[in-house]
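One structure is given here, and the rest of the page talks about it.
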Amino acid sequence: MKIYNSFSRKKEIFEPNNPEQVNMYICGVTVYDHSHLGHALSSIVFDVLYRYLKYKGYNVKKVQNFTDIDDKIINKAVKEKTSSEIISEKYIKSFFHSMDGLNVLRSNIHPRATEDIQEIINFIKGLIDKGFAYESFGSVYFDVKKFQDYGKLSGNIYFEEYDSSRIDQNYNKKHSNDFALWKTSKDSEPYWDSPWSKGRPGWHIECSAMIKKHLGNQIDIHGGGMDLTFPHHENEIAQSESFTSKKPFVKYWMHNGMLRVKGAEMSKSLGNTYSINEALKNFSSDAIRLWILQSHYRTNPLLDLGLIHSTEKSLIRLRAINSEIIFNPKLEEMNFDRFKKRFIDAMDDDLNTPKAIATIFDLAKMINKSTSTYNVSEGLILFRELSNILGLDYKKLEKESKIDALEIEFMISKRNKARQNKSWEEADLIRDELLSLGIEITDTSEGTKWK
RNA sequence: GGCGACGUGGCCAAGUGGUUUAAGGCGGAGGUCUGCAAAACCUUUAUUCGGCGGUUCGAAUCCGCCCGUCGCCUCCA
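For the first sequence, numbering that gives the first Met the number 0 assigns the number 0 to the initial residue and increments by one for each residue that follows.
Below, the structure is given as structure tokens:
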């Protein structure tokens, strides 16, 4: 299997540090709002990676954090006259609701920054002891100039010359590009006791501390959005490699592309977001997953609800394969191995899900056209096996029916009477009426079906 | 200013030197089936890959120039 490593900027053969065990860490969300479709993109991509690695026989340990203490959470709590715990708890629940709705498997561990404060403090202490960090007015900063490799992931070395006006002059940092490990708290802000001040952790340190605690000094895969490459992931490398002296901290860096909305990145600060929970009211999880996975994960797709809608249509055929195909054991068995090979070859090539999906559509077509001449049971098993890797479960979008089943059956029998009398106009009228209620009628040799 | 990506049919999107005169999805056209539909299946829908040069026996795929679009560099998946 090959994976594109953002660090080397090349596709590399995937060989975990331990041949049977894969340790992966995915940057989670800051919980101050509902998760949006950009988060769905990232979560689905790494969910598929997780499922595929397990399919390939690895033991996989996946950890995804929650940043549950941060300026934005505090601001929101102030605005809503409540505590940051209540805010973060609310949006963690919302996150899980969204992820369950998208059929994203839970990670093995979902650590929260506030639950690992002691590890974070110990980590910072270690960095100070080793000379990589310094205290300043109760806050602690990482001394970027002490870490020779700074910039090796992102290539951003001379960024301090970019725009010094962006640096908050109130911080007492040695260099503009030093970043906070510990922030002293102001006024009524939440705080934890530390050797330096009552305060809270900086953003980047939690990931370093949690990775060390839950996965060890060196991990196989670290994933997240491209927007995190700098400064977040650059800073993680600086912290972790300085603390443990083990290099590389991460063997494979994976970054998904950013979902765009009419040219701009979808982002909470731009206010152009579309929440996952909202999307799930209008589209099935399969449609959202297929739409996302039909583009390669390193591209920046444009959000277009019409495209998700057309994906929903393409699912009709796949759902029918999953639920309606009847195979005949008396017929000669058909071999479908070539589809499996195509699928695996595609996924082995840096998760080429568009190609993998094309294989599933071709497999579906082959099953459909062969049912009367061959036993397609193995094709069906394979179809479900491959679909599962992509997290497609073929459940329909649950919409509350405005009409109950008995009434539908009554209308259908009424229509069939009309059909027997060859009163086609009346029959079509009833069909249209049912359609307007969201009920689709299909006349088959075994009678009329509806869904 | 620095780092980087991309430009493929009406739309979305794979493919990155020869089995590709370009996969798959949506949409369009015709057909089988049907009372008519729907679904399914069959046929069809880019001699062409932003433009111009070059390398090569051979390029959408490599190189150069030009045009255009976009991402990151600041909290963000």
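Note that CB positions come from ideal geometry on N, CA and C, so glycine has one too.
For the candidate residues Leu101, Asn299 and Ile210, whose alpha-carbon lies nearest to that of Lys61? Considering only alpha carbons, the answer is Ile210.
What are the boundary residues of the beta strand (DSSP E) that includes Asp177? Unbroken run through Asp177: none, as it is neither H nor E.
Smallest Cα separation from Asp192: which of Leu396, Glu432 and Asn121? Among Leu396, Glu432 and Asn121, the Cα nearest to that of Asp192 belongs to Asn121.
Taking just the CA atoms, how far does Arg8 sit from Glu19? Distance between the alpha carbons of Glu19 and Arg8: 25 Å.
Go ahead and pull the three-state DSSP assignment for His254. If DSSP states are grouped into helix, strand and coil, His254 belongs with the strands.
Excluding five sequence neighbours on each side, which residues of the same chain lie with their C-beta closer than 6 Å to the C-beta of Ile388? For Ile388, where only same-chain residues beyond five positions count, the Cβ hits under 6 Å are Arg50, Tyr51 and Tyr54.
Excluding five sequence neighbours on each side, which residues of the same chain lie with their C-beta closer than 8 Å to the C-beta of Phe178? Excluding sequence neighbours, Phe178 sits near Tyr140, Phe141, Val143, Gly201, His203, Pro230 and Asn234.
Give the DSSP-derived three-state secondary structure of Glu19 in the structure shown. Glu19: coil per DSSP, three-state reduction.
Thr66, buried or exposed, once every other Cβ within 10 Å from all chains shown has been counted against 16: Classification for Thr66: buried.
Unbroken beta strand (DSSP E) runs of length 3 or more, entirely within the stretch 191-218: which are they? Secondary structure remark: continuous beta strand (DSSP E) runs of at least 3 residues inside the stretch 191-218, in chain order: 198-200.
Determine the DSSP secondary structure at Ile440, reduced to helix, strand or coil. Note: Ile440 maps to strand in three-state DSSP.
Of the residues Cys206, Thr183, Pro189 and Glu205, which one's Cα is nearest the Cα of Ser196? Closest in alpha carbon position to Ser196, among Cys206, Thr183, Pro189 and Glu205, is Thr183.
Per-residue DSSP class, three states only, for Arg297: Three-state DSSP puts Arg297 in coil, outside helix and strand.
Does the count of Cβ pairs from the stretch 272-289 and the stretch 24-36 closer than 8 Å reach three? Flag = yes, the stretch 272-289 and the stretch 24-36 touch.
For Lys339, which option in Glu331, Leu330, Arg418 and Ala363 has the closest C-alpha, if you only look at C-alpha atoms? Comparing Cα-Cα distances from Lys339 to each of Glu331, Leu330, Arg418 and Ala363, the minimum goes to Ala363.
Buried or exposed: Asn64, going by 16 or more other Cβ atoms within 10 Å of its Cβ? Per the 10 Å Cβ criterion, buried.
Starting from Ser284, trace the alpha helix (DSSP H) both ways and give me its first and last residue. Bounds of the alpha helix (DSSP H) holding Ser284 are Ser284 to Leu292.
For Asp285, collect the residues of the same chain with a Cβ closer than 6 Å to its Cβ; drop the 5 residues on either side in sequence, then sort them by chain order. Same-chain partners within the cutoff: Leu314 and Leu391.
Could you give the residue range of the beta strand (DSSP E) that holds Gln63? Residues Asn58 to Thr66.
In terms of DSSP beta bridges, what is Ile29 paired with? The sequence given here places Thr at residue 29; Ile does not occur at that position. Thr66.
Helix or strand or just coil, what does DSSP make of His50? Sequence inspection shows Arg at residue 50; the His mentioned does not correspond to that position. In this structure, Arg50 counts as helix in the three-state DSSP scheme.
Roughly how many angstroms separate the alpha carbons of Asp336 and Val249, rounded to a whole number? For the pair Asp336 and Val249, the Cα-to-Cα distance works out to about 35 Å.
Quick one: give me the first and last residue of the beta strand (DSSP E) that Thr447 is part of. Gly446 to Trp449 is the span of the beta strand (DSSP E), which, as asked, contains Thr447.
Three-state secondary structure assigned by DSSP to Val103: Coil at Val103, not helix or strand.
For Asn16, does the count of other Cβ atoms within 10 angstroms reach 16, so buried, or fall short, so exposed? Burial state of Asn16 is exposed, judged by a 10 Å Cβ sphere holding fewer than 16 other Cβ atoms.
Specify the secondary structure class of Ser274 as computed by DSSP and reduced to three states. Under the three-state reduction of DSSP, Ser274 is assigned to strand.
Comparing alpha-carbon positions, which option in His232, Ser244, Ala76 and Gly437 lies nearest Met130? Here the sequence assigns Gly to residue 130, which means Met is not the residue at that position. Checked all of His232, Ser244, Ala76 and Gly437; the closest Cα to Gly130 is Ser244.
Mind checking who Gly224 pairs with in its DSSP beta bridge? DSSP lists Asn255 as partners of Gly224.
When the Cβ atoms of the stretch 206-222 are set against those of the stretch 73-86, are three or more pairs found closer than 8 Å? Output reads no: the stretch 73-86 does not touch the stretch 206-222.
Where Val139 falls: helix, strand or coil (DSSP): DSSP places Val139 in strand when its eight states are reduced to three.
Excluding sequence positions up to five away, which residues of its chain have a Cβ less than 7 Å from the Cβ of Ser82? Only Ala76 meet the Cβ criterion.
Mapping the DSSP letters down to three states, classify Gly390 as helix, strand or coil. In the structure shown, Gly390 sits in coil (DSSP, three-state: anything other than H, G, I, E or B).
Within 10 angstroms of its Cβ, does Phe136 collect 16 or more other Cβ (buried), or is it exposed? Phe136 should be labelled exposed.
Per-residue burial, Ile380 [other beta carbons within 10 Å of its own, 16 or more giving buried]: Under this definition Ile380 is an exposed residue.
Which residues does DSSP pair with Asp348 in a beta bridge? Note: Asp348 is bridge-paired with Lys1 in the DSSP secondary-structure output.
Just grab the DSSP bridge partners of Lys9 for me. In the DSSP assignment, the residues bridged to Lys9 are Asn4.
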